[in-house]
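Taken in sequence, the protein lines are chains A and B.
Take the first sequence: its letter number 411 is residue 478 in my numbering, and every next letter is one higher.
Take the second sequence: its letter number 301 is residue 368 in my numbering, and every next letter is one higher.
Every residue, glycine too, gets a C-beta built ideally from N, C-alpha and C.
Since this is a predicted model, take the numbers as computed values, not measurements.
There are 2 protein chains.
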Amino acid sequence: MSGIQNEKLDKLSEKELVLWKMRHSAEHVLTMAVLKLFPKIKMAMGPATDDGFYFDFDGSLASTKGGQALQVREEDFPRIEKEMAKIIKANLKFTKEEVEINEARKMFEGNEYKEEWLDEIEERGEKVTIYRTGEEFVDLCAGPHVESTGEIGAVKLLSIAGAYWHGDEKNKMLTRIYGTAFATQKELSEYLERVEEAKRRDHRKIGKELNLFTFSEMVGKGLPLFTEHGATIWREIERFVVDEEIASGYRHVRTPNIAKTDLYRTSGHYPYYKDTMYPAMKVDEEELILRPMTCPHHFALYQSQPRSYRELPLRFAEMASLYRYEKSGELTGLLRVREFVLADSHNFVRKDQAEDEINMVLNLIEKVARVFGLLPEVNYIYRLSLGDRSNKKKYYEAPEEWEEGEELLRKVLKKRKAPYYEALDEAAFYGPKIDIQMKNVLGKEETAFTVQYDFCLPTRFNLTYINEKGEEEQPIVIHRSSVGAMERTLGFLIEFYAGNFPVWLSPVQVKILPITDKQIHEAENVYQELRENGVRVELDDRSETLGAKIRDAQIMKVPYMIILGQREVEAKKIAVRTREEEDLGQMDLSDFIKKIGENISDRKTKL
Amino acid sequence: MSGIQNEKLDKLSEKELVLWKMRHSAEHVLTMAVLKLFPKIKMAMGPATDDGFYFDFDGSLASTKGGQALQVREEDFPRIEKEMAKIIKANLKFTKEEVEINEARKMFEGNEYKEEWLDEIEERGEKVTIYRTGEEFVDLCAGPHVESTGEIGAVKLLSIAGAYWHGDEKNKMLTRIYGTAFATQKELSEYLERVEEAKRRDHRKIGKELNLFTFSEMVGKGLPLFTEHGATIWREIERFVVDEEIASGYRHVRTPNIAKTDLYRTSGHYPYYKDTMYPAMKVDEEELILRPMTCPHHFALYQSQPRSYRELPLRFAEMASLYRYEKSGELTGLLRVREFVLADSHNFVRKDQAEDEINMVLNLIEKVARVFGLLPEVNYIYRLSLGDRSNKKKYYEAPEEWEEGEELLRKVLKKRKAPYYEALDEAAFYGPKIDIQMKNVLGKEETAFTVQYDFCLPTRFNLTYINEKGEEEQPIVIHRSSVGAMERTLGFLIEFYAGNFPVWLSPVQVKILPITDKQIHEAENVYQELRENGVRVELDDRSETLGAKIRDAQIMKVPYMIILGQREVEAKKIAVRTREEEDLGQMDLSDFIKKIGENISDRKTKL
């Protein structure tokens, strides 16, 4: 595990590195404590993560003695934490040793997880290092650690989950214990509050409460079904994005979701993506496959007729259904699914147009994000993801083009004073890219989508245009998204808004609440008038108390409630309340229609 | 061939039957003539069709003598027709004979096509009949024919094409000669004019000329790629249909394009559709498949929560991508493809709501069709497609429900005085349906899409709702489309309009034609203003003559041309012309924007 971790460590700041060591050390303390309390458990592996640590234990050993598999439970956390506190208080030293492979094998004999790891170390020809905590405990580990357990700070165990060894369902299910550590109790408490907030905002929880989407065992894993509510938000976003793109000079096209496998061999995608591609379907004379990306389809369209320099920049955009088979352990609500729709585009440009084009792309991304209330620096930053000239297997070989592309992207980001940082070895195989790094509810950065500079695929596909001199020339292709995968965007926005969608995105924008049955007739008129004005409205005609109706509308986070009592009916007015409990008082229906109509057409983020 | 044909004959009127016999007889005359002129050719098979006849010949025999395979060519038509005229003039009698199977085998020995047919006749235990034309010619045939060749009327050979035996690419490619016959020369001429008109309107031809869609050998057969022009028409239709449906109380949802194969086993679709379904994809623990229809997906969504009678009618609509693997010989432009999008819906209703619901569905269909300029009786009629109680293999067994369903559909059609006819044995396996039979350019009727009454699948899926008494009850499902498969609709509309789309559907609505470079600046202003008003506009800034610019705009069937000369610039006016060569004269740009804006928002069928 540490081998992979160490690559990441170089990228950490000093403060981050201290925290990482603390967590990594806490992971050893956890293992030590668990082994003490549950001697029959077997340790497998565990890393420090971006916000804590986890360790996987194999409790199945216990069952060989005729009993049940040994399961650590969350109820055990207090005594494990107590044991950890003792170890921390004892201020045991972490000491590193290099040992011979055979000696290591003897030390961890009978532990198939460590044995597998030792096999890998031997294969890579690396040295075996172990870390001791005090005298008692030893684990195979590349470090680094804090000096002694006393430096660990504030520790907390968080949760328990089943996890397959190597994340593969075919392997044994292990017990994974998650925890975290911070330098101070205050920082830990703040983090735990953020975690609680994240749980409250979890799109899977809100998605269920607001009836936005569901999964079906009959249909399959990782394949969301969107209800009319979820599909409404989707449609609003899709139409907004498509219309913005068309206004920005994009040409929206439609290409098939399946194609010959050979198409992806030509593009060179196949070797890189085949592990997550669905199996090919052989039918009669053809071998077809679900597309994992749109690029080759847009290239085929580009090639369907001769192209002239006059047509460039030529931007083919599509809301493209894409298919990647993610392991079931990696599926996460809408954030990681097995079929998704990417707001994709491929912009074919002359080399001298590339700088302007990338600027236009970033302008569009920032404009779209702003409508959702997302601002650069605050909610997202850019990452300039560079290739690695020494890795000729991973990256298409063309050193000059790589330099040129990377320098161009850097120049664009610098000139527009965009918030960004650089990251080595994070490029696409066909060129450098700018990643849009969104911060999630926990403040954690995730790549939402990318802008890629591609000089490789135009060569592979032999894409050309006729230049001013009548000669064939090769365009550069900018691969980009404006909003990412629709499913992820929806999941992200549910959490960002905590379900309190802006009016234009709200599945139900207005709920009409007659106080008694006497106002039903008037309520139906109001309902009709709002519907005719394009407002998504529902009428709560149940014989419930007004209090209950208001509560239910608030649970569904409906932005506006129209309350109709006898007073309102007589005054030919409506009383309006917001989901934020603001009482807007009585007003004319026509004034309300004007107000909400403006809010919707301006796509305001506030009520 | 005749076995299948005879089933159809029962459905023909007396006049149609006479015509059919004439064409069937002309097919024999064609074969006789070809064999006389090309003695080395081998006859395979041929039927009379809805508008003529064809016959497949195998010319490969000739090549066994060391020469080229024998190909009849269109150049040979005059002499074949001359030979046919001789046979017709000779007024040879058609005589039917029943022969023993062994005798028949002897007669057609060495002809593998006839031998295969004889095998089938033997297997079915049918009698072998042959028809003689005069003395010379004999063919295996079930008839019927006219009395003698003199009754055949006016005959014309139309075209030649390659055709695989049984339409299967793995078999030998044969030479198919198409022809037709009519009672009189006048009728034949009228038909040939219609065929010419159909060729002019062929959506494949116009699709290419107007750059609406294309196919790519790299991507695969039957998988259209829509350019920005085709995709624009698609988007306009899609948004129109979706908005109409939502206004009519439909709930638009989104469900995945893939699902577990078991889902289609549960639905009972699998045995009926498996021949045209793509192969299943086995990945880890699941077996997934591309969906051939939406029903089970909407049922899964229905079942995702308990349903109450208060929610019914509950209408789940979706622009659903569906996948059916059609044989390559059956692919026809956009009309028959391997991946398509159906404007689909499943309306869950209480039994007592079914009549109103079917009426609402037909109202919506007629409303949508009217917007496209399609009227009942004129452009389409209904077909009430009934089951066959004796065919227990083909249809779900539930005699009472079938009676009830068929009677209900009949009642609806009668009450609304809809133009319809009844057709036995044309239902879905799960219930009777109303087919929307569109007339194509040739006046030929084709099923565009259907409205189905389903009492079977709710049982299979155990769909329920809680009724007023708190008991579980089973809903009826109305499966329906409002506009059919988008690809077919697009293909149909291209032919219906001959590419002259109404303004709201036109990919480019206005083309600006400055007379000289001096008006370019003004032209750019007009261009910007139109764009900002949501008009799809192009500017022709080439240094061509006005005549050339007008011609090119007319070829692309752009509804409006704005001509800007010095006179217009000075008068601050624009000159407007239509693609129908109508000169609308000078006007203010704002007046034109108002005019075209109204035309677009009203979705007018005329300029």
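Practice problem: Examine chain B for any beta-carbon lying closer than 9 Å to the beta-carbon of A:W301, and answer yes or no. | Solution: yes
Exercise. Name, please, each residue of chain A whose Cβ falls closer than 7 Å to the Cβ of B:A298.
Key: H319, V320, R321
Quiz prompt | Neighbourhood of B:F122 by C-beta distance below 6 Å, restricted to the same chain and skipping five residues each side | solution = E94, L97, T98, G113, I244
Exercise. Give the range of the alpha helix (DSSP H) segment to which A:A713 is assigned.
Key: Within the shown structure, residues of chain A are numbered from 68 to 674, placing residue 713 of chain A beyond reach of any answer.
Quiz item: Could you give the distance in angstroms between the alpha-carbon of A:I155 and the alpha-carbon of A:T281?
Solution: 45 Å
Quiz item: In whole angstroms, what separates the C-alpha of B:I108 from that of B:S127?
Solution: 8 Å
Self-check item: Where B:A111 sits in the DSSP three-state scheme
Solution: coil
Quiz item: Should B:L279 and B:F204 be called a contact, given that it needs their Cβ atoms to be closer than 9 Å?
Solution: no
Practice problem: Compute the Euclidean distance between the alpha carbons of A:P291 and B:K585, then round it to the nearest angstrom. | Solution: 57 Å
Quiz item: For the alpha helix (DSSP H) that contains A:V479, what are its first and last residues?
Solution: 466-482
Quiz item: When you compare only the Cα positions, how much space is there between B:Y462 and B:D419?
Solution: Just so you know, the alpha carbons of B:Y462 and B:D419 end up roughly 24 Å apart.
Self-check item: Own chain residues within Cβ distance below 6 Å of A:E470, not counting five before or after
Solution: The beta carbon of A:E470 sits closer than 6 Å to none of the beta carbons in its chain outside the five residues before and after it.
Quiz prompt | Per-residue contacts from A:K349 into chain B (C-beta, under 8 Å) | solution = P346
Exercise. Indicate whether the contact test is met: 3 or more Cβ pairs, each with one atom in the stretch 81-90 of chain A and one in the stretch 173-191 of chain A, closer than 8 Å.
Key: no
Quiz prompt | Whole-number beta carbon distance between A:A642 and A:H652, since they are thought to touch under 8 Å | solution = Before going on, a small fix: residue 652 of chain A reads as Gly here, not His. The pair is a contact, with the Cβ atoms about 7 Å apart (cut-off 8 Å).
Practice problem: Sort A:H336, A:L357, A:K434 by Cα distance to A:K327 and report the nearest one. | Solution: Nearest Cα to A:K327 within the set A:H336, A:L357, A:K434: A:L357.
Quiz item: Span of the beta strand (DSSP E) holding A:Q52?
Solution: Given a span of 68 to 674 for chain A in the structure shown, any question on residue 52 of chain A remains unanswerable.
Quiz item: What do you reckon, are the CB atoms on A:Y449 and A:P486 nearer than 9 Å?
Solution: Going by C-beta atoms, A:Y449 is nearer than 9 Å to A:P486.
Quiz item: What is the C-beta distance between B:K500 and B:V479, in whole angstroms, given that I count them as a contact (C-beta under 8 Å)?
Solution: Between B:V479 and B:K500 the Cβ distance is about 12 Å, and since that is not below 8 Å, they are no contact.
Practice problem: Would you kindly work out how many angstroms separate the C-alpha atoms of A:K624 and A:R271, rounded to a whole number? | Solution: Rounded to whole angstroms, A:K624 to A:R271 spans 16 Å at the Cα level.
Exercise. Closer than 8 Å by C-beta to A:L225: which residues in its own chain qualify, once you throw out the five before and the five after it? Chain order, please.
Key: Counting only Cβ-Cβ distances below 8 Å, and skipping sequence neighbours, we find G119, Y245, G246, T247, V262.
Quiz item: Based on Cα-Cα distance, which residue from B:G289, B:Q252, B:N507 lies nearest to B:M266?
Solution: For clarity, residue 266 of chain B is Lys in the given sequence; the question names Met instead. Considering only alpha carbons, the answer is B:N507.
Exercise. Enumerate in chain order the residues of its own chain whose CB-to-CB distance from A:G601 is below 6 Å, with the five nearest sequence positions on each side excluded.
Key: Taken in chain order, the list of residues that qualify is empty.
Exercise. Would you please state the rounded distance, in angstroms, between the beta carbons of B:V577 and B:K671? I believe it to be under 8 Å.
Key: A Cβ-Cβ distance of about 15 Å is found for the pair B:V577 and B:K671, leaving them out of contact under the 8 Å criterion.
Quiz item: What did DSSP end up calling A:F280 once you bin it into helix, strand or coil?
Solution: strand
Self-check item: Neighbourhood of A:G566 by C-beta distance below 6 Å, restricted to the same chain and skipping five residues each side
Solution: Excluding the 5 residues flanking it on each side, A:G566 has same chain C-beta neighbours closer than 6 Å at I273, L277, K624, in chain order.
Self-check item: Touch test, the stretch 321-335 of chain A against the stretch 361-376 of chain B, Cβ-Cβ under 8 Å, three pairs minimum
Solution: no
Quiz item: Could you give the distance in angstroms between the alpha-carbon of B:L159 and the alpha-carbon of B:L207?
Solution: 17 Å
Quiz item: Where does B:E94 fall in DSSP's three states?
Solution: The answer is helix: DSSP assigns B:E94 an H, G or I state.
Quiz prompt | C-alpha distance - B:R391 paired with A:F124, whole-angstrom precision | solution = Rounded to whole angstroms, the separation of the alpha carbons of A:F124 and B:R391 is 48 Å.
Quiz item: Mind checking whether B:L401 and B:M505 have CB atoms under 9 Å apart?
Solution: no
Exercise. Establish whether the CB of B:L292 and some CB of chain A are separated by less than 9 Å.
Key: Chain A contact via Cβ: present.
Quiz item: Beta carbon of A:F516, beta carbon of A:F366: below 9 Å?
Solution: No. Outside cutoff.
Quiz item: With respect to the beta strand (DSSP E) encompassing B:F522, which residues constitute its N-terminal and C-terminal limits?
Solution: Counting along the chain, B:F522 falls outside any beta strand (DSSP E), and DSSP gives it neither H nor E.
Quiz item: Any C-beta of chain B sitting closer than 9 Å to the C-beta of A:I304?
Solution: no
Quiz item: Can you name the residues of chain A whose CB is closer than 8 Å to the CB of B:S388?
Solution: Think of a sphere of 8 Å around the beta carbon of B:S388: the chain A residues whose beta carbon falls inside it are N324, S388, in chain order.
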